[in-house]
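In case it helps, the numbering used here puts the sequence shown at residues 117 to 417.
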Amino acid sequence: MIRVDAEPRQDLRRMNIDAVNAGVVRMRSQLPDNRLRAHLERCALTYGCPAGKNFFLGRYEAPLPTSRRCNARCLGCISLQTDTEICSSQNRIDFTPTPDEIADVALAHIGRVKQAVVSFGQGCEGDPLLAAEASVSAIRQIRSQTARGTINMNTNGSLPVVMESLFDAGLDSIRVSINSVRPEAYAAYFRPGGYAFSDVLETIALALERKKFVAMNYLHCPGVTDTPQEMAALEAFLRRHPIHMIQWRNLNYDPVRYAAAMQAAAPADPPVGMRRCIGRIRKRFPHLIHGYFNPPKEKWG
Ligand code: SF4
């Protein structure tokens, strides 16, 4: 086991259910007609989502799910599984929150949490870029009322033009999900609809140009990520795109199916081990932050 982030943000032992329930009651009175607040109750109490619980506990990062749709069909999608015997771990949000609903949830969190982070792009939605109209207005509303807090978006990064409008509105940081920086392996997992890996790279380049904080949500799997071909491609990617952080995300998909799909799409030699893989990236890119969670702007360094 390699621990890449010491922060107890999702340590369930620190999420007393009575405190969560007390937070639910408090938010119900503060945001009685807010459908997003009600959706997050289901996330926290039914799905057991740590991000949902953190909103009601008033700590770290609050989720802002907005999108019913996605333009990818990831093999291991956790919000929608069709024509497979795998079931998704939660259902996708079935409405698009209004800008007011989004802004009110975000401001409720920012208003009471030091170094707060609020994030679009959660496990209970498609990709937030496909609901950007609401998010752009919401971000403008939030920033018209406060400069505090970090507004982040977890995304597949597929639509650079849409991403630009979010940056213009005041989005502070992005986390782009990538299973592999080899286009064939990326396409075999994400099964993109109407975009290509080159669009994702364009989004990352745009974010760096706009001086935004850029994290990679590296969906890793021992046996695939730690192969010489993937490691060489990752180093070339990091040289071309000097992102700020790698979040080593455990891939939530059957490793046997995944390895077979990746080997078919982008054959690779035997793995060298994740510890050696991470060690080499740390050594060759000493500026790069390694972790698991979206840091607040106060910790970007
Ligand atoms: S990008 Fe996210 S929501 Fe879309 S298919 Fe992949 S995991 Fe699911």
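From the three backbone atoms N, C-alpha and C, an ideal C-beta is built for every residue, glycine too.
Just so we're clear, the structure is a prediction, and the values are computed from it rather than from any experiment.
Can you determine whether any heavy atom of ligand 1 sits closer than 6 Å to the C-beta of A188, and answer yes or no? yes
Unbroken alpha helix (DSSP H) runs of length 4 or more, entirely within the stretch 265 to 317: which are they? 276 to 285 and 299 to 306
Report the rounded CA-to-CA distance for T341 versus F353, giving the unit in angstroms. 14 Å
Could you spell out the range, first to last residue, of the alpha helix (DSSP H) harbouring N136? The displayed chain sequence assigns Val, not Asn, to residue 136. That run of the alpha helix (DSSP H) goes I133 to Q146.
For V120, tell me which candidate among D315, V372 and H336 has the shortest Cα-Cα distance. H336
Just the C-alpha distance for L324 and H357, rounded to the nearest angstrom, thanks. 8 Å
Put M390 into one of helix, strand or coil per three-state DSSP. helix
Based on the DSSP secondary-structure assignment, which residues constitute the bridge partners of R365? L335
Would you list the one or two residues that DSSP bridges to F329? S289
In angstroms, rounded to a whole number, what distance separates the CA positions of R396 and R307? 30 Å
Would the stretch 288 to 296 count as touching the stretch 257 to 264 if we require 3 or more Cβ pairs under 8 Å? no
DSSP three-state assignment for P215, whether helix, strand or coil: helix
Take C203 and list the residues in its own chain whose beta-carbon comes closer than 7 Å to its own, dropping the five residues that flank it on each side. Q197
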